[in-house]
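A.B. asks: Numbering (the numbering used here), first residue to last: 1 to 333.
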Amino acid sequence: MVSTYTNPTDIDLTHIEGTIAAENPKLSWLVGNARLTNLSGQLLGAHLAHAGLILFWAGSVTIAEVGRYLPGHSLAEQHLGLLPHLATLGWGIGQDGTIVDTYPYFVIGMLHLIASAVLAAGGFYHIFRGPARLEDGDSWVTQFHYEWTDPKKLSFILGNHLVFLGIGAWLFVLKATTWGGIYDVAVGNVRLITQPTLNPVTIFGYLFGLNHGTWTLLGMASVSRLEDVIGGHIWIGTLLIAGGTWHIVSTPFPWAQRLIPIQADAILSYSLAALAFMAFVSTAFVGFNTTVFPVEFYGNSRLGLADIQFFLGVLALVGHLWHAVRARSQMTH
1 MVSTYTNPTD
11 IDLTHIEGTI
21 AAENPKLSWL
31 VGNARLTNLS
41 GQLLGAHLAH
51 AGLILFWAGS
61 VTIAEVGRYL
71 PGHSLAEQHL
81 GLLPHLATLG
91 WGIGQDGTIV
101 DTYPYFVIGM
111 LHLIASAVLA
121 AGGFYHIFRG
131 PARLEDGDSW
141 VTQFHYEWTD
151 PKKLSFILGN
161 HLVFLGIGAW
171 LFVLKATTWG
181 GIYDVAVGNV
191 RLITQPTLNP
201 VTIFGYLFGL
211 NHGTWTLLGM
221 ASVSRLEDVI
231 GGHIWIGTLL
241 IAGGTWHIVS
251 TPFPWAQRLI
261 PIQADAILSY
271 SLAALAFMAF
281 VSTAFVGFNT
291 TVFPVEFYGN
301 SRLGLADIQF
311 FLGVLALVGH
321 LWHAVRARSQ
331 MTH
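#1: When you compare only the Cα positions, how much space is there between Gly92 and His233?
#2: Relative to the alpha-carbon of Val66, which residue among Tyr146, Tyr103 and Val325 has its alpha-carbon at the smallest distance?
#3: At the level of alpha carbons, what is the spacing between Pro84 and Phe297?
#4: Just to confirm, is the Cβ distance from Ile167 to Lys175 under 8 Å?
#5: For His323, which of Thr332, Leu303 and Ile267 has the nearest alpha-carbon?
#6: At 4 residues or longer, and completely inside the segment 77-101: list those alpha helix (DSSP H) runs for me, N to C.
#7: Measure the alpha-carbon distance for Pro196 versus Asp101 and round it to whole angstroms.
#8: Considering only residues of the same chain and omitting the five flanking positions on each side of Phe124, which have a CB-CB separation below 8 Å?
#9: Assign Phe285 to buried or exposed, taking buried as 16 or more other Cβ atoms, counted over all protein chains shown, within 10 Å of its Cβ.
#10: Following the continuous alpha helix (DSSP H) through Ile308, name the residue where it begins and the one where it ends.
#11: Please check the pair Gly319 and Leu272, which I expect to be a contact at CB under 8 Å, by giving their CB distance rounded to whole angstroms.
#12: Excluding the five sequence neighbours on either side, which residues of its own chain have a C-beta within less than 6 Å of the C-beta of Ala306, listed in chain order?
#13: Please go through the same chain and pick out, in chain order, the residues whose beta-carbon is closer than 8 Å to the beta-carbon of Lys119, but skip the five residues on each side of it.
#14: Alpha carbon to alpha carbon, what distance is there between Leu113 and Phe293?
#15: What residues match up with Val185 in a beta bridge as DSSP calls it?
#16: What do you reckon, are the CB atoms on Tyr69 and Leu86 nearer than 8 Å?
#17: Just curious, the alpha helix (DSSP H) that Gln42 is in, first and last residue?
#18: In the DSSP assignment, what residue or residues form a beta bridge with Arg191?
#19: Would you check if the segment 121-137 and the segment 241-261 touch, i.e. whether three or more CB-CB distances between them fall below 8 Å?
#20: For Asp96, is the classification buried or exposed, using 16 other Cβ atoms within 10 angstroms of its Cβ as the cut-off for buried?
#21: For the candidate residues Glu77, Asn189, Thr62 and Gln42, whose alpha-carbon lies nearest to that of Pro131?
#22: Leaving out the 5 sequence neighbours to the left and right, which residues in its chain are closer than 6 Å to Trp235 when beta-carbon positions are compared?
#23: So, are the CB atoms of Thr214 and Thr194 less than 8 Å apart?
#24: Compare the C-alpha of Leu217 against each of Asp228, Glu227, Arg225 and Gly205 and name the closest.
#25: Measuring alpha carbon to alpha carbon, tell me which of Ala58, Ala169 and His145 ends up nearest Phe106.
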């Protein structure tokens, strides 16, 4: 197979004219993935490599934390960042949140490392050996090529993303209800969630700050029953899969295309806005919720963790505003 690698310095950068990075050769590295905007194959490679890097970080840090874990001391006292998440999922946990077995954490870390290698290989393939544009590839890969002005194809790709997110939500549900259960601070032990809350009034009431009929400023972060947590994931997982399937087989309605401009910077700005929203919600959860973030694993003082979530949210929000302004500027010219 002949390599179709495209040297980034040879890529047309007219779509980012006017930026400091594009006008100053010494700052060309700031262009980042913008140089791949119209190269669907290489942009896919960059995404896969990025995902591999994230998994490599998660796996290596997990294994490192297993290596320096000290029995008899809480995870919070040892300033461990990833093991508390695995403990919350019920892995290796005994009565009162005591860690009785760290081997599951090691296995999970290794699985992340193996997956990171697979993703990295896929990333390098699409960057150096695969077609720069997926439309030039073979067989079914061409269906994932897209143009930033093609609402049908962008809807198709969005749908695939939503389906995978829905599957992830349902895997969490199955872990809680079938595959061993999760840690419940209310009973101080791991248990199966056998009766998740499915009442839509209760679940969607959290979006309006209602916790079983009582209004609270914390909204979703006020949840205090794992039945509600798992019920919410059942709802969101189902809606994501249903919505993803809809987007795969349909084209956005004309009114939707008028309301939500379809353009590269605009789509990135929407994604960053969603990340900012999730980071701010996570800030409230980390800071105040001891059902989802048990004291046994995260300690009583979570200011540092909450600050990290908050500032990541601010960073994503600034990125959203930046790309939204760029999108509006490009659409008015």
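Virtual Cβ for every residue (Gly too), placed ideally from N, Cα, C.
Being a predicted model, the structure only gives us computed values, none of them experimental.
C.D. replies: This is what the structure holds:
#1: Counting from one through the sequence shown, the residue named residue 92 turns up at place 92. Counting from one through the sequence shown, the residue named residue 233 turns up at place 233. Going from the Cα of Gly92 to the Cα of His233 covers about 23 Å.
#2: Here residue 66 is taken as the residue at index 66 of the sequence shown, counted from 1. That would be Tyr103, whose Cα lies nearest to the Cα of Val66.
#3: Here the question's residue 84 lines up with position 84 in the sequence shown. Here the question's residue 297 lines up with position 297 in the sequence shown. Distance between the alpha carbons of Pro84 and Phe297 is about 5 Å.
#4: Locating residue 167 in the sequence shown gives position 167, where the first residue counts as 1. Locating residue 175 in the sequence shown gives position 175, where the first residue counts as 1. No, Cβ-Cβ distance for Ile167 and Lys175 is not below 8 Å.
#5: Here the question's residue 323 lines up with position 323 in the sequence shown. Cα-wise, what sits closest to His323 is Ile267.
#6: 83-88
#7: The residue labelled residue 196 in the question sits at position 196 within the sequence shown. The residue labelled residue 101 in the question sits at position 101 within the sequence shown. Going from the Cα of Pro196 to the Cα of Asp101 covers about 28 Å.
#8: As a working mapping, residue 124 is identified with position 124 in the sequence shown. For Phe124, where only same-chain residues beyond five positions count, the Cβ hits under 8 Å are Gly45 and Ala49.
#9: Here the question's residue 285 lines up with position 285 in the sequence shown. So Phe285 counts as buried.
#10: For the purposes of this step, residue 308 is identified with residue 308 of the sequence shown, where counting begins at 1. Unbroken alpha helix (DSSP H) run through Ile308: Leu303 to Thr332.
#11: As a position in the sequence shown, residue 319 is number 319, starting the count at 1. As a position in the sequence shown, residue 272 is number 272, starting the count at 1. Contact holds; Cβ gap of about 4 Å.
#12: As a working mapping, residue 306 is identified with position 306 in the sequence shown. Here the set comprises Thr283, Val286 and Gly287.
#13: If you number the sequence shown from 1, residue 119 lands on position 119. In the sequence as displayed, the identity of residue 119 is Leu instead of Lys. Around Leu119: Leu48, Ala49, Ala51, Gly52 and Leu55.
#14: Numbered from 1 along the sequence shown, position 293 holds the residue referred to as residue 293. Numbered from 1 along the sequence shown, position 113 holds the residue referred to as residue 113. Rounded to whole angstroms, Phe293 to Leu113 spans 25 Å at the Cα level.
#15: On the sequence shown, position 185 is the one that residue 185 refers to. DSSP output for Val185 lists no bridge partner at all.
#16: As a first step, residue 69 must be located in the sequence shown, where it is residue number 69. As a first step, residue 86 must be located in the sequence shown, where it is residue number 86. Contact: no.
#17: Here residue 42 corresponds to residue number 42 of the sequence shown, with the count starting at 1. Per DSSP, Gln42 belongs to the alpha helix (DSSP H) from Ser40 to Arg68.
#18: One-based indexing of the sequence shown puts residue 191 at position 191. According to DSSP, which records beta bridges pairwise, Arg191 is partnered with Ile182.
#19: no
#20: Here residue 96 refers to the residue found at position 96 of the sequence shown. So Asp96 ends up on the exposed side.
#21: If you number the sequence shown from 1, residue 131 lands on position 131. Looking at the Cα atoms, Gln42 is the closest of the given residues.
#22: To locate residue 235, count along the sequence shown from 1; it is residue 235. Cβ neighbours of Trp235 beyond the five flanking positions: Ile203.
#23: As a first step, residue 214 is located in the sequence shown; it is residue number 214 there, counting from the start. As a first step, residue 194 is located in the sequence shown; it is residue number 194 there, counting from the start. Result no, Cβ atoms of Thr214 and Thr194 do not sit closer than 8 Å.
#24: For this step, residue 217 is matched to residue 217 along the sequence shown. Among Asp228, Glu227, Arg225 and Gly205, the Cα nearest to that of Leu217 is on Gly205.
#25: Against the sequence shown, residue 106 aligns to sequence position 106. The option with the nearest alpha carbon to Phe106 is Ala58.
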